[in-house]
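Going from the sequence shown to the numbering used here is simple: count from 1 and add 87. Each remark here refers to the structure printed beneath this line.
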Amino acid sequence: TASEVAALQFVAPYAASSMGEYFRDNGKHALIIYDDLSKHAVAYRQISLLLRRPPGREAYPGDVFYLHSRLLERAAKMSEEKGGGSLTALPIIETHAGDVSAYIPTNVISITDGQIFLESELFYKGIRLAVN
C-alpha cells in the first residue's frame with residue numbers, strides 16, 4: 088500500500104512477478120496487475136535520492152524507464168517447448184488531473200501496447216466503468 092515504506096513498495100512488484108513467473112514456467116496462465124507503477128517510481132525516486140544518486144527529469148533516477156521496461160517485459164507467452172504458460176501484465180498509472188504527458192505515464196505508455204483511460208468526469212456523472 089502507499090503507506091508502506093519505500094523499500095517494500097519498490098520490492099513488491101518484483102515479488103509478485105516472480106510468483107507469476109512460477110505459474111507461467113509451469114505451463115499455467117497468470118495475470119499480474121501492477122497498481123500502481125507511478126507509486127513504484129516514487130518509491131524508487133525516494134530510495135535513489137537517499138542513496139545520493141543523481142536525479143533526472145522530475146527528480147526521478149535516469150534509469151526508471153529501464154526499470155519499468157525490464158519489469159513489464161517479464162510478462163510473456165512461452166512456447167510449447169517451454170511449457171506453453173503465460174504471464175499477462177496490466178500496469179496501472181495514476182495521473183494528476185488526467186495529465187498523461189507527465190514523465191512516468193509517458194514512459195509506461197511507450198512500453199505498453201495499448202492503453203485504457205478512465206476519466207473522473209465520467210465517473211462523477213455516474214458512468215461506471217468510466218472508460219474513454
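C-beta atoms are modelled at their ideal positions from N, C-alpha and C, and glycine is treated no differently. Predicted model, so just to flag it, every value in this text is computed and none were measured.
Between S156, S207, D123 and L174, which lies nearest to S105 when the distance is taken from Cα to Cα?
On the sequence shown, position 18 is the one that residue 105 refers to. The residue with the shortest Cα to Cα distance from S105 is L174.
From A130 to T182, what distance separates their C-alpha atoms?
Position 43 of the sequence shown, counting from 1, holds the residue named residue 130. Position 95 of the sequence shown, counting from 1, holds the residue named residue 182. Straight-line Cα distance between these residues: approximately 16 Å.
Give a yes or no on whether the C-beta atoms belonging to I198 and S125 are separated by under 7 Å.
Locating residue 198 in the sequence shown gives position 111, where the first residue counts as 1. Locating residue 125 in the sequence shown gives position 38, where the first residue counts as 1. No. Outside cutoff.
In chain order, what residues of the same chain have a beta carbon less than 6 Å from the beta carbon of A176, not counting five sequence neighbours either side?
In the sequence shown, residue 176 corresponds to position 89, counting from 1. Once the five neighbours on either side are set aside, the close Cβ partners of A176 are I119, L159 and A162.
Using DSSP's beta-bridge definition, name the partner residues of A130.
Counted from its first residue, the sequence shown places residue 130 at position 43. DSSP, once it has assigned bridges, lists no residue as partnering A130.
From G171 to Y101, what does the alpha carbon distance come to, in whole angstroms?
If you number the sequence shown from 1, residue 171 lands on position 84. If you number the sequence shown from 1, residue 101 lands on position 14. C-alpha separation (whole angstroms): 22 Å.
For Q205 versus A217, is the C-beta spacing smaller than 7 Å?
For the purposes of this step, residue 205 is taken as residue 118 along the sequence shown, with counting starting at 1. For the purposes of this step, residue 217 is taken as residue 130 along the sequence shown, with counting starting at 1. Checking the sequence, you will find Leu at residue 205 rather than Gln. Taking 7 Å as the Cβ cut-off, L205 and A217 qualify as a contacting pair.
Does the separation of the CB atoms of I191 and A128 fall below 7 Å?
If you number the sequence shown from 1, residue 191 lands on position 104. If you number the sequence shown from 1, residue 128 lands on position 41. Contact: yes.
Could you tell me whether the Cβ of A103 comes closer than 7 Å to any Cβ of chain C?
The structure shown contains no chain C, having only a single protein chain.
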